[in-house]
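Using our numbering, read the sequence shown as starting at 45 and increasing by one per residue.
Even glycine gets a Cβ: it sits at the ideal position worked out from N, Cα and C.
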Amino acid sequence: MINLETYQAAQNGFVMRDMSHFGRFKVSGADAATLLHHLTTQDIKGQKIGEAREAVLISNKARVLDWLTILRLETDVFRVITSPNRRAMFAPHAQKFVLFRQDVKIEDETGAAPLWGAFGPKSNEITGEKWPTKRLPNSGLLSFEAPQNAVSCDNETFNVLRIEAGIPVAGLELTEEVNPWEAGFESAISLAKGCYNGQEIVARLHAYKKIKQGLFGLKLETLPLELPQKLTKATKNAGFVTSAIESPRFGAIALGFVRGDFQTEGETLELGEQEARVSLLPFDK
């Protein structure tokens with residue numbers, strides 16, 4: 045059950061979220077930047093020391109494997125934050141791209157240090173080193189220190205807040221059924237950098253406007269009993285719903301992928317026996 049006190053604190057002040065279940069990897073060595081640059085959609089070679097960048101880990105067919113947050117701690121030292129349910133695949137997948145005699149070391153540091161998130165309109169009040177992130181709603185920040193005097197956000201309340209904000213998560217919105225353009229990762233894709241895994245398809249999708257669906261909000265009548273579930277429009281395939289919750293502000297709402305012909309705000313689609321109205325994200329936009 046949603047905690048309304050925590051929900052209000054996230055709207056008016058800030059709350060903290062224990063993110064120690066997210067994967068954390070130290071990637072180091074003279075060729076660490078080259079590896080991460082080749083592995084993801086982001087320009088890692090151009091990343092400054094102390095900067096955090098969002099990146100997408102994709103397959104050779106440009107399908108989403110995971111959402112990464114990459115911190116450059118030193119010239120040859122990076123900390124890579126993975127989704128909780130993708131931690132086990134990161135190191136084995138990355139290791140496949142390490143070439144013979146390359147100087148790269150990948151270490152799982154998930155249990156070595158805490159990871160906290162703070163979000164809300166006053167989240168910038170937290171002290172210590174911090175990095176902006178789109179993984180959290182409303183001016184989210186990452187920190188290795190627990191924010192002081194903050195309300196802790198439980199999982200159920202966070203899920204409501206992240207759906208209101210339109211934040212995708214691995215295993216629900218982020219799967220191999222979608223590509224990074226469809227998932228809304230425009231700012232995590234470098235069109236200027238050189239060769240990387242899946243690059244040709246990513247570039248072609250952009251150049252020829254072949255992005256067939258996008259992540260949108262949906263306003264529902266009631267919560268669906270099963271997910272994922274198809275969206276239709278007069279028997280035509282209109283997309284599919286991935287997550288749904290009951291919001292204190294917006295009622296029954298969902299995230300889903302809507303096909304190009306139906307992406308107008310207010311467009312009415314069918315979700316089983318009920319209507320679903322397309323909404324831009326975030327819901328309070």
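Per DSSP, the beta-bridge partners of residue 59 are 163 and 195. The DSSP-derived three-state label of residue 139 is helix.
By the C-beta criterion, the stretch 250-262 is judged not to be in contact with the stretch 89-102, since fewer than 3 inter-stretch pairs fall below 8 Å. Here the alpha carbon of residue 268 sits roughly 10 Å from the alpha carbon of residue 317. About 34 Å separates the beta carbon of residue 86 from that of residue 46, a gap too long to meet the 8 Å contact definition.
Taking the CA atoms as reference points, residue 321 sits about 13 Å from residue 303. Under DSSP, residue 284 shares a beta bridge with 274 and 301. Taking the Cα of residue 279 as reference, the smallest distance to any Cα among 313, 191 and 262 is reached at 313.
Nearest to residue 143 by alpha-carbon distance, out of 125, 74, 180 and 165, is 74. Within the same chain, 116, 117, 118 and 119 come within 8 Å of residue 93 by CB-CB distance, once the 5 residues on both sides are set aside. Per DSSP, residue 126 is one residue of the beta strand (DSSP E) stretching across 121-126. Inclusion of residue 245 and residue 106 in the CB contact set at 8 Å is warranted, their separation being smaller than that value.
Within the same chain, Cβ atoms closer than 8 Å to the Cβ of residue 292 are found at 46, 48, 51 and 204, the five residues on either side in sequence being excluded.
If you draw a straight line from the Cα of residue 289 to the Cα of residue 319, it is about 16 Å long. Out of 55, 54 and 88, the CA that lies nearest to the CA of residue 237 is found in 88. In the DSSP assignment, residue 99 falls within the beta strand (DSSP E) that extends over 96-102.
By the C-beta criterion, the stretch 255-274 is judged not to be in contact with the stretch 182-189, since fewer than 3 inter-stretch pairs fall below 8 Å. Secondary structure at residue 187: strand, using DSSP grouped into helix, strand and coil. A residue is called buried when at least 16 other Cβ atoms come within 10 angstroms of its Cβ; residue 147 does not meet this threshold and is exposed.
Between residue 58 and residue 163, the C-beta gap is smaller than 8 Å, which places the two residues in contact. Beta-bridge partners of residue 262 (DSSP): 298 and 322. In this structure, residue 235 lies near residue 247, with their beta-carbon atoms less than 8 Å apart.
In the displayed model, residue 306 falls within a helix according to three-state DSSP. Under a 10 Å Cβ-count criterion, residue 132 is classified as exposed, with fewer than 16 other Cβ atoms of the shown protein chains found around its own Cβ. In this structure residue 110 is buried. Its beta-carbon is surrounded by 16 or more other beta-carbon atoms within 10 angstroms. Per DSSP, the continuous beta strand (DSSP E) segment holding residue 112 begins and ends at 108-118. The beta-carbon distance between residue 60 and residue 190, rounded to whole angstroms, is 7 Å. This is short enough to meet the 8 Å contact definition. Beta-bridge annotation (DSSP): residue 73 is not paired with any residue. For the 8 Å CB-CB criterion, residue 130 and residue 214 form a contact. Between residue 274 and residue 260, the gap from beta carbon to beta carbon reaches 8 Å or more.
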